[in-house]
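First the structure, in the form of C-alpha cells, and then the observations on it.
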Amino acid sequence: MERLLDGKNITIGTCYYPEHWGRKMWEEDLLCMKDAGIEVVRVAEFAWSKIEPREGEYTYEFFDDFLDLAEKNGMRVIFSTPTATPPAWLTEAYPEVLNATRDGDLIRHGSRRHYNYNSPVYREYCANIVEHVAGHYAGHPAVIGWQIDNEFNCENWAFYSESDNKAFRRFLKEKYGTVECLNEAWGTVFWNQTYTAFSEVHVPRRTNTGAVNPHLELDYIRFISDSVRKFAAMQSDILRKYIKPGDFITTNGMFGHIDNHGLTRDNLTFYTYDSYPNFAYCVDGFRPEEPFKDRWSSRALTEVRSISPKFGIMEQQTGANGWNVSMEAPTPRIGQITLWTMQSIAHGADYISYFRWRTCPFGTEMYWHGILDYSGRENRRLLELKEIHKKLCRMQEVAGAVYQARVAVVRDYDNIWDAEIDHWHGRIQRPSEDALFVALQQKHIMYDYVYLDDSVNEGQLARYSVLFYPHPEILTEKRMKLLENYVAAGGKIVFGCRTGQKDLRGFCVMEKLPGLAFRLTGTDVLEYSLAAPDEADVHVLWDGAELSAPIFRDMLAAADEDATVLARYVGGCYAGEPALICNSFGKGKAYYYGSTFDVDTVKFFLEKLSVIEPLEAVLNLPEGCELAVRRKDGVDYIFVLNYSKEEVKITLKSPLDELLSGEVEEGEIVLSGYGVKVYKRGSQL
Ligand code: GAL
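Position in the sequence shown (first residue = 1) + 126 = my numbering.
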C-alpha cells in the first residue's frame, strides 16, 4: 500500500465523523467515497466521549467497528487524538483544565478548544487518552497516520488560566534565572513595575490604560508558542511508541502564536493545512476593493511550504462557510472546488482531504457544508469531485515535484509577534507584506517565505536572487551575519523603514540606526517619523518614477563609501533628503528604502532588480491568473489558475502538453471562469 506524500501519488481523502451518523450509513458512505476516488478518511478529532465516555471507562468497539469496515472497503484512516474537545465529565470535575478570559472568567464547556495547554490535570488526562487511543488503534491495518489534536490555537490563541500563570513563571525563571534579570529584560523600572519575586508576575491582565509592559507581552507570546509545542511533544512522544513503522504524525492548521516551524521539526512527519478560500466571500466581511483576497490561501500555502516542504491539506473547502453564529459565505461556484484543489497542488500539496463528507444537520456547524448535503443525494459538488479525481489521475506524475521560487520574503517569529503588540511595527508590517504578495502575484513571480531561525543556513538563502525583508525591527547578530554572507556572495536584499530598531527583548537599540543593519546597508537613519496626515502627498522620486511613501518615513544618509543615494523624498519635512540607499557589499547589494512598500513600489523594485516573470518567453497571462511551477526530473509542471468568474485569454508561445485534457495547446487559449491548466514542459527556468 503506497504511503501519503511518497512523492509518487497525489491522493484524495475526506473528513468523516462516524459519530454523527447511524452505523447503517457508514458502509454506504465509504462505498460512495471510493466511487468518487477517495482513498483516505480522517476521523475522531472531537470524539473523546466515544472512547472514554466516563472517567476511566474505555469503549473501543465504536471505532473498532469503523476501522474494520474501512479496512474491508479498502479505505485508509488518519486517526486523531481527541484532545481539542475535553468531555463534560472532565471539565466539570476539574475546571482548572479550562482556559480563561483576560479577566480570569473561565471559558466553559459547550463549544470547542476550551482547554488550556498548561493544566497538569489536563496534560495528565490527555496523556492518558492518547496512550489509550494509540495503544488500541495504532496497530490497526487501516490506520496509516495520526493527527494530533485539531487546529492548535484556532478560535483562541491567548491563555489566561491559573495554570498558565504558573507555567509562565516557570518559563521566565528558566529563561532569566533571577527576578533581577527579569526586571532588567523587561525594563520594569519604568512606571515602577519592578518585581521582587516570580510569584508576582502574571500573564497579561486588565490594566488601567489597557497597555501592558511590551517586553512582557512579547515573552508572553513566546510562552504560548512554547506551551503549544510542549503539549504537541507530549502527544507525539506517546504516539511514537505505538505507531506502525512508516505511519506518520501530523497536525492541521495554521494559526497564530505558534512557532509552527519548530513544532513541525520536533514532532511531525509533515504538516497539514486547512484551506478555506471562500472566507474571501463572507457576506459581512466582503470588500471587493481588497485585491487578491480570493487567493489569500496561496499566501498561506507559501507559508505552509516553508514550515513543511512536504505537506498535505487536511481540510479542503467543498461547501459554504457557515456556523449558525458566524462566518457566512456562499456556496462554492461550479469550478471553484477544482480551482482550490489545484491551488493547493500547485503549491506542493500531494494529499488533499475534503472537508467534510456529509453536512451535519445539527450543531454549530450545521451550515458549514461538506461535499454532500443533509440528504446525502448525489449533487453537483460530488459530481465535481468525481471530475477532479479523473483530472488527478491524469496528473499523478506531478507528485513530488518541487515548487520553484527565485525570490523570497524573509520573516521571523520575533518580528511577527512584535508587530502584533507594537502599533508602529504593525502599521508598517501588514501593508508591506500585503503589497509584496499582491505585486509578486500580479507579476507572476513565484516566491517562498524563509523564516530566519537557527536552522536556516546560507545554502538555503543562496537559492534566491533577491530577498525582501521588509521591516525587521528586531535583528540579532546571528541573523545579520547570515544575511551579510548572503549578500557578500552576490545576493540582493531589500529592507524597509524601521529596520534594526530593536533587540530581542523588544527594547529600542541605542546605537546609530539601523542598528545591526548599519554595516550591511551602509545607511545611517538620521531621523524618522510617522507620516503626518497633512503630508499624504509626499513621495519618493527614483529614476523618474514617483513611489509612494506611506505610513512611516526614515530620513537617510549614505554612511559607507560604497553606498549610493538612489532616490530622495519629494515634499514634506524630509524633502530633498535621501529615501533610498543602495550599498554594494561584497559581490551583492543591500537596499534600504526609507518607507513602507505598496504594490507599485514592489513592482518597481522588481524591475530595477531585474526580477522578471520567469515564463515570459513561454506564455502570457493576465494579472488575474496565478502562475505556479513545480519541477521534477527536469520537467516543469506549469499551473495556470484563473480566480475570476470571467473567462480569460492566455497565450502560449510554443506548443505545450496540457495534462488535464491530454491535448497539445498552442497560441491563444481561452481559460474558463475558475479554470485551470496544467502544462508540462522540459525545465529551462
Ligand atoms: C476547521 C476545523 C473543522 C471545522 C471547519 C469548519 O477550522 O478544523 O473542525 O470546524 O473548520 O468550521
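Beta carbons are placed, not taken as given, at the ideal position from N, Cα and C, and that holds for glycine.
From a predicted model like this one, the values you see are computed outputs, not experimental measurements.
- The beta carbons of Ser-353 and Asn-244 sit about 6 Å from each other, so the pair counts as a contact at 8 Å.
- Judged by DSSP in its simplified three-state form, His-341 adopts helix.
- Per DSSP, the continuous alpha helix (DSSP H) segment holding Trp-550 begins and ends at 549 to 568.
- Counting the other CB atoms within 10 Å of its CB gives Leu-642 a total of 16 or more, which places it among the buried residues.
- Residue range 386 to 393 is occupied by the alpha helix (DSSP H) that includes Gly-388.
- CA-CA distance, His-328 to Phe-633, rounds to 20 Å.
- Comparing alpha carbon positions, the residue from Gly-271, Trp-550, Tyr-402 closest to Arg-129 is Gly-271.
- The Cβ atoms of Gly-617 and Asp-663 do not sit closer than 8 Å to each other.
- A Cβ closer than 5 Å to some heavy atom of ligand 1 marks a residue here, and those residues are Glu-277, Trp-494.
- Linking Thr-722 to Gly-626 through their CA atoms gives a straight-line distance of about 15 Å.
- In this chain, Val-259 is not harboured by any beta strand (DSSP E); it is covered by the alpha helix (DSSP H) spanning 246 to 263.
- Residue range 751 to 758 is occupied by the beta strand (DSSP E) that includes Cys-751.
- Gly-139 is the residue among Gly-139, Lys-516, Glu-288 whose C-alpha sits nearest the C-alpha of Val-203.
- For Leu-562 and Ala-323, the gap between their C-alpha atoms comes out near 45 Å.
- Taking the CA atoms as reference points, Gly-303 sits about 16 Å from Phe-349.
- Here the C-alpha atom of Glu-603 lies approximately 48 Å from the C-alpha atom of Trp-494.
- DSSP places Gly-641 within a helical segment (H, G or I) once states are collapsed to three.
- About 4 Å separates the CB atoms of Tyr-399 and Val-430; that is less than 8 Å, so the two are in contact.
- If only uninterrupted alpha helix (DSSP H) runs of at least 4 residues are considered, those enclosed by the segment 495 to 550 are 506 to 520, 539 to 547.
- Taken through DSSP and simplified to helix, strand or coil, Gln-627 comes out as coil.
- At the C-beta level, Ala-426 and Met-380 come within 8 Å of one another.
- Contact between Ala-545 and Gln-530 is ruled out by a C-beta separation of about 29 Å, above the 8 Å threshold.
- Here Glu-441 is actually not in contact with Cys-699; their C-beta atoms are around 51 Å apart, not less than 8 Å.
- As DSSP reads the structure, Lys-715 sits in a beta bridge with Lys-618, Ser-710.
- Pairing Tyr-539 with Tyr-577, the inter-Cα distance amounts to about 8 Å.
- Per DSSP, Tyr-399 is one residue of the beta strand (DSSP E) stretching across 397 to 401.
- A direct Cα-to-Cα measurement between Ala-565 and Met-492 gives close to 38 Å.
- If the five residues before and after Leu-342 are omitted, its C-beta is found closer than 6 Å to the C-beta atoms of Trp-312, all from its own chain and listed in chain order.
- For Ser-434, the CB contacts under 6 Å within the same chain, skipping 5 residues up- and downstream, are Thr-390, Phe-396, Tyr-397 in chain order.
- Counting C-beta pairs closer than 8 Å gives fewer than three between the segment 236 to 243 and the segment 192 to 200, which falls short of the contact rule.
- Tyr-500 sits exposed, since fewer than 16 C-beta atoms from the chains shown fall within 10 Å of its C-beta.
- By the C-beta criterion, the segment 404 to 414 is judged not to be in contact with the segment 366 to 383, since fewer than 3 inter-stretch pairs fall below 8 Å.
- Around the Cβ of His-549, a 10 Å sphere holds fewer than 16 other Cβ atoms; the residue is exposed.
- Here DSSP, grouped into helix, strand and coil, assigns Tyr-769 to coil.
- Annotation: Val-635 to Glu-145 spans about 56 Å, alpha carbon to alpha carbon.
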